Amino acid sequence: MGDQQERKSLARILTIAGSDSGGGAGIQADLKTCSALGCFGMTAITAITAQNTVEVRNIHEIPIDCIQDQIAAVVEDIGVDALKTGMLSSAAIVSAVAESLRSLKLRNIVVDPVMISKSGAHLLKADAVEALKQDLLPLATVLCPNIPEAEELAGVTLKQEKDIAPLLRRLHALGPKYILLKGGHLPSASAVDYLFDGEEILTFEEERLDTANTHGTGCTYAAGIACYLGKGQSVAQAVRLAKNYLTEAIRQGQDLGLGKGAGPLHHGWNQS
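The numbers in this note's numbering rise by one with no breaks, and the one at position 115 of the sequence shown is 115.
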């Protein structure tokens, strides 16, 4: 009976994203994050990538019906407390995933609009951006773009700090309940993120770490937020806890020495 009760209390987190053969980002980073944060991770793989810390060599999209079947199979048998979307690659995949989320009435949806990899490869085709805005963003509990992604989605350029609030309002008008603007690209002494619910802007600040080993930071952050939402935390608290976990994963990953390019984080730092 004790084991059954424990299983019932384990947050069930679904990640709908691409596979990273190098293990630093995508599905692999998400599952590592789920395990580190005491959740049960499940997957719907949208694409297989051949990549490492230096480059993305190849991308193979999974057939639409297989993606939707993966989502339905997980939901119908195991259930989902929260989910995140990552690399969706094409307009057809974006629309199919959105259709599944609507029909299955899923909640606690964290959307990471993965557009470009750390190595510079385009992971979201140009025609998929409009599908993302029209089909998926209105379903999102939290949309968490970095600055370049936010600029592309909003159709504006962030030139100075006073432009942050108008940018957040434009993104919120696309339909998400919350916008989490990741400020890592801003020239500031610390790493500041901005959470907007349509009325109030909350800021989350952590030490900016000087390291090239940041492969998978966006995936890990979004997965962490989904984990804490699945555990019943508020959006603001989920963001705070996920940012704390991410910051330490970056710090502990500085000396891993894995790969010749943008190395991975240390997802299991809290298990050592």
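The beta carbon of each residue, even a glycine, is placed where N, CA and C say it ideally should be. Quick caveat, the model's predicted, so the values are computed rather than measured.
Cβ-Cβ distance between residue i and residue j below 8 angstroms
i	j	result
F273	Y178	No answer is possible for residue 273: it lies beyond the span of the chain, which begins at 1 and ends at 272.
L37	C227	yes
L139	S89	no
D77	I13	no
T49	S9	no
I67	A98	no
K231	D193	no
L136	V111	yes
Q233	L246	no
S35	I27	no
A44	I64	no
A238	I225	yes
A165	I201	yes
W269	Q254	no
G261	V114	no
S100	I71	yes
A128	V94	yes
N52	G257	no
L181	P145	yes
A29	T220	yes
Reduced DSSP secondary structure (H/G/I, E/B, other) of residue i
i	result
P264	strand
V156	coil
Q254	coil
Q51	strand
I93	helix
N213	coil
R102	helix
R208	coil
V129	helix
V114	coil
I64	helix
V59	Note that residue 59 is Ile in the sequence shown here, rather than Val. Reduced to three states, the DSSP call for I59 is strand.
E6	Reliability fails at E6, whose pLDDT of 47 lies under 50, so the model's placement of it is uncertain and no value is given.
S188	coil
S35	helix
A165	helix
G259	coil
L174	coil
G232	coil
W269	helix
I78	coil
A226	helix
A140	coil
M1	In this prediction, M1 scores a pLDDT of 33, lower than 50, which makes its location untrustworthy; the coordinate-derived value is nonetheless stated afterwards. In this structure, M1 counts as coil in the three-state DSSP scheme.
A25	coil
Residue(s) in a DSSP beta bridge with residue i
i	result
M42	L14
K182	N146, D193
I109	L83
L202	L195
L124	S89
D20	T49
Integer-rounded CB distance, given that residue j should sit under 8 angstroms from residue i
i	j	result
L143	L171	6 angstroms
T46	A223	Not quite, the Cβ-Cβ distance comes to about 15 angstroms (not below 8 angstroms), so this is no contact.
A131	A173	Not really, about 17 angstroms apart at Cβ, beyond 8 angstroms.
L168	L158	Going by Cβ atoms, the distance from L168 to L158 rounds to 10 angstroms, so no, they are not a contact pair.
T141	L229	7 angstroms
E207	S188	Going by Cβ atoms, the distance from E207 to S188 rounds to 11 angstroms, so no, they are not a contact pair.
Contact test: residue i Cβ vs the ligand ATP heavy atom, cutoff 7 angstroms
i	result
L158	In terms of ligand content, the structure shown is empty, and the ligand ATP therefore cannot be addressed.
Three or more beta-carbon pairs under 8 angstroms between the region 209 to 217 and the region 262 to 269, yes or no?
Short answer: they touch.
Quick check: the region 95 to 109 against the region 148 to 155, are at least 3 beta-carbon pairs closer than 8 angstroms?
No: fewer than three Cβ pairs fall under 8 angstroms.
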